[in-house]
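J.:
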Amino acid sequence: MTDTADHVTTHQAEDDARNEQILIWVNGRVVPKAQAMVSVYDSGFMLGDGVWEGIRLYDGTWAFLDEHIERLFEAAKAIDLDIALTPDQVKQAIFDTQEANAMQTDAHARLMVTRGVKHRPFQHPSLSRSGPTMVIIMEHSRPKIPRPIRLATVPHLRGLPMTQDPKLNSHSKLNCILACIAAEKAGADEALMLDLHGFVNTTNACNFFIVRKGEVWTSTGDYCMNGITRGKVIRLCRDNGIPVFERNFSLVDTYSADEAFLTGTFGAQTPVSMIDGRVIGNGEMGPMTQRLRGLYKGLVAA
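Residue numbers (this note's numbering): 88 to 389.
(1) For the pair the stretch 356–371 and the stretch 99–112, tell me if three or more CB-CB distances fall below 8 Å.
(2) Would DSSP call PRO174 helix, strand or coil?
(3) Quick check on this structure: which residue in GLN176, VAL95, PHE353, GLY203 has the alpha carbon closest to the alpha carbon of ILE142?
(4) Less than 9 Å between the C-beta atoms of GLU371 and LYS231, yes or no?
(5) What residues match up with GLY137 in a beta bridge as DSSP calls it?
(6) Report the residue from HIS284, GLY314, THR250, GLY246 whose alpha carbon sits nearest the alpha carbon of ALA266.
(7) For VAL331, count the other beta carbons within 10 Å of its own beta carbon; 16 or more makes it buried, fewer makes it exposed. Which is it?
(8) What do you get for ASP282, buried or exposed, if any count of 16 or more other CB atoms within 10 angstroms of its CB means buried?
(9) Straight-line CA distance for VAL387 to HIS195?
(10) Exposed or buried, what is LYS399 when buried is set at 16 or more other beta-carbons lying within 10 Å of its beta-carbon?
(11) In three-state terms, what does DSSP make of ASN335?
(12) Check whether the Cβ of VAL200 sits closer than 8 Å to any heavy atom of the ligand SAH, and report yes or no.
(13) Rounding to the nearest angstrom, what Cα-Cα distance links ARG317 and ALA121 in this structure?
(14) I'd like to know whether the C-beta atoms of ALA269 and VAL241 end up nearer to each other than 9 Å.
(15) Could you check if MET133 is buried or exposed, using at least 16 other CB atoms within 10 Å of its CB as the buried criterion?
(16) Could you name the residues of the same chain whose beta carbon sits closer than 7 Å to that of ASP169, not counting the 5 residues immediately before and after it, in chain order?
(17) Assign GLN356 to one of three DSSP states: helix, strand, or coil.
(18) Using CA coordinates, which residue listed in PHE209, HIS155, GLU271, ARG299 is at the minimum distance from MET312?
(19) For THR192, does the three-state DSSP call read helix, strand or coil?
(20) By how many angstroms is the C-alpha of TYR310 removed from the C-alpha of GLY203?
(21) Terminal residues of the continuous beta strand (DSSP E) containing HIS227?
(22) What are the uninterrupted segments assigned as alpha helix (DSSP H) that are 4 or more residues long and contained completely in the stretch 96–168, given in chain order?
(23) Do you know offhand how far ASN114's Cα is from ALA344's?
(24) Strictly by DSSP, which residues pair up with MET372?
(25) Can you give the beta carbon distance from TYR145 to PRO208, rounded, assuming they're within the 8 Å contact cut?
(26) Check ARG245 in the structure and name its three-state DSSP category.
(27) Do you know how far the Cα of THR341 is from the Cα of ALA355?
(28) Is the beta carbon of ALA180 sitting closer than 9 Å to the one on LEU172?
(29) Do ASP193 and HIS243 count as a contact pair if the criterion is CB distance below 9 Å?
(30) Spatial neighbours of ARG380 within its chain, please: CB distance less than 6 Å, with the 5 preceding and 5 following residues excluded, ordered by chain position.
(31) Identify every residue that forms a DSSP beta bridge with ILE297.
Structure representation (structure tokens):
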């Protein structure tokens, strides 16, 4: 399909030498990158037992910070994890890390909370007697995606809530990683994942949208992370008279779309040029994607 040496990702950023000198928040201490470590007995390392959020800094402001922190605490409650800090204390930890790194814009933070250090190397959560563990990695990060993304449909599905709820930002991302590997083996950049009924759902890393005859479509949201950027795009469409639908649609609808794009905290709106070897539109960023990008920038700056 494509040259496998020509892969890009939705999280591709410019190289920035300053990231070798960043300071990382680890359990209340801000330490140099080389000293930012957790135990091999940590629940996150051992079992993927934890939750996380990605947030982005624009011109001195963390975009939609309250919504991200609210989602973090909702996820922690869902897995019965006590963060042991209040939302305001978590936000202060972010601000302290930002200040320590003297960051003002074009920064990305990954906030991770695990159940903590285990007493013995086994699954039962009662063995996590020293926790939680919280880490904030904050990097200088300016997106640099040289071309629209190419997707390949993969056999890996987003599952039902009674298996592993796809609405959770959990540390257990193996299903999505395997999907991404399958897409790369097929010569694409990232994976397009279907739901249990065969409808187009999401990618391994981002929410997925198509544009057909002036209408913006995305999945029902039943089997994917209902991303904050996804919600902002839906709201922008409704506020600006753009028809938008959360609905079931198939690969047939997708291949004949006029445009396709991805949404996520890192890349905001990322255009898609090709899916399963079919060129979408003219293979470039379309006018609707460009318009939504502009509206989103305005929303972030408001």
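Beta carbons are placed, not taken as given, at the ideal position from N, Cα and C, and that holds for glycine.
T.: The short version:
(1) no
(2) helix
(3) PHE353
(4) no
(5) THR201
(6) GLY246
(7) buried
(8) buried
(9) 15 Å
(10) Since the displayed the chain opens at 88 and closes at 389, residue 399 lies outside it and no answer follows.
(11) coil
(12) Within the structure as shown, the ligand SAH is missing, as the structure has no ligands at all.
(13) 35 Å
(14) yes
(15) buried
(16) PRO219
(17) strand
(18) HIS155
(19) coil
(20) 28 Å
(21) 220–227
(22) 130–134, 152–165
(23) 47 Å
(24) Per DSSP, none; premise fails for MET372.
(25) Actually they do not touch by this definition, with Cβ atoms about 41 Å apart.
(26) coil
(27) 21 Å
(28) yes
(29) no
(30) GLN356
(31) TRP304, ALA347
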